[in-house]
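Some notes on the structure that comes next.
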Amino acid sequence: MFDLDSSPPDYAEPNDHPRFCFSKDLVAFQVEDTRFKVHKHFLYTYSSVFRDLLRPQHKNKNSDNGNSKSPQNGGVIYLDGVTVLEFESLLTFFYESWQERFSMPTENWVALLAIAHRFKFEDAEHRARREVFQHSPSLDPVKQIAIAEKHLVPIILIVPALEALVLRQEPLLEKELTNMSSEMIACLGVAREKHVRESSRMFVTEAYLRRAASDIVKSVWLTKDAPTTV
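In structure tokens:
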């Protein structure tokens with residue numbers, strides 16, 4: 365039985381454990397119109413951007429006099445361009461992802477990908493990529509490609525989305541192309557035209573057209589001279 369009234373041996377001042385003796389400091393952030401107050405450990409440890417932001421000499425550009433809102437004197441750090449959903453998703457990932465059945469809705473994984481990419485949380489970014497592009501079949505292929513281009517995702521992760529658009533018989537709508545780069549639009553045009561020619565052959569089967577779409581995607585996006593990210 366553990367005795368709550370027991371006293372430690374008469375040692376000298378104990379040594380801090382090198383990994384598990386955290387600072388008690390909490391850091392306050394403003395994201396949009398919401399304030400968060402969180403421990404800085406995960407942010408400082410896993411992001412070089414936040415590590416620089418939380419250094420004692422850091423000056424917050426959004427403060428009145430350059431240092432009145434630094435974390436060292438209890439001020440609030442304003443995260444410009446970050447959404448509440450993104451910061452919530454990041455904190456949820458850090459505090460809850462140790463659970464065996466941890467999961468989040470697709471919109472949270474997309475939000476995590478955005479903030480992890482911007483602030484260089486590499487492990488969180490890799491996990492978010494897997495969840496968005498490999499474990500979220502309900503996410504529309506057009507949205508997948510737009511997200512991938514925005515966050516420099518490896519092309520290999522959006523191959524199924526590219527194949528789906530090559531196979532699609534309906535024309536791509538103007539609103540669907542709004543968030544795609546001109547290069548991606550051009551490549552999709554070439555790939556879809558090649559597939560139309562394949563489908564015009566006599567006696568083609570659905571299986572043949574799927575294999576053709578796969579081969580076309582490889583020839584357009586996965587050649588040795590093609591970029592590795594979108």
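Going by the working numbering, the first residue of the sequence shown is number 365, and it counts up by one from there.
Just so it is clear, CB atoms sit at the ideal spot from N, CA and C, and this is done for glycine as well.
In this chain, the beta strand (DSSP E) harbouring HIS403 covers 398-403. Between the alpha carbons of VAL530 and SER500 lies a distance of about 20 angstroms. In the structure shown, LEU521 adopts helical secondary structure according to DSSP, grouped into three states. Judged by their CB atoms, ALA488 and LEU537 are not nearer to each other than the 8 angstroms cut-off. Taken in chain order, the complete alpha helix (DSSP H) segments of 4 or more residues contained in the region 529-594 are 538-541, 546-563 and 570-585. Taking the C-beta atoms as reference points, HIS559 is found no nearer than 8 angstroms to ALA571. It is roughly 27 angstroms from the alpha-carbon of ARG482 to the alpha-carbon of LEU552.
Around the CB of GLN498, fewer than 16 other CB atoms lie within 10 Å, so the residue is classed as exposed. One thing to note: VAL446 has its Cβ within 8 angstroms of the Cβ of VAL395.
Rounded to whole angstroms, the separation of the alpha carbons of ARG415 and LEU407 is 7 angstroms.
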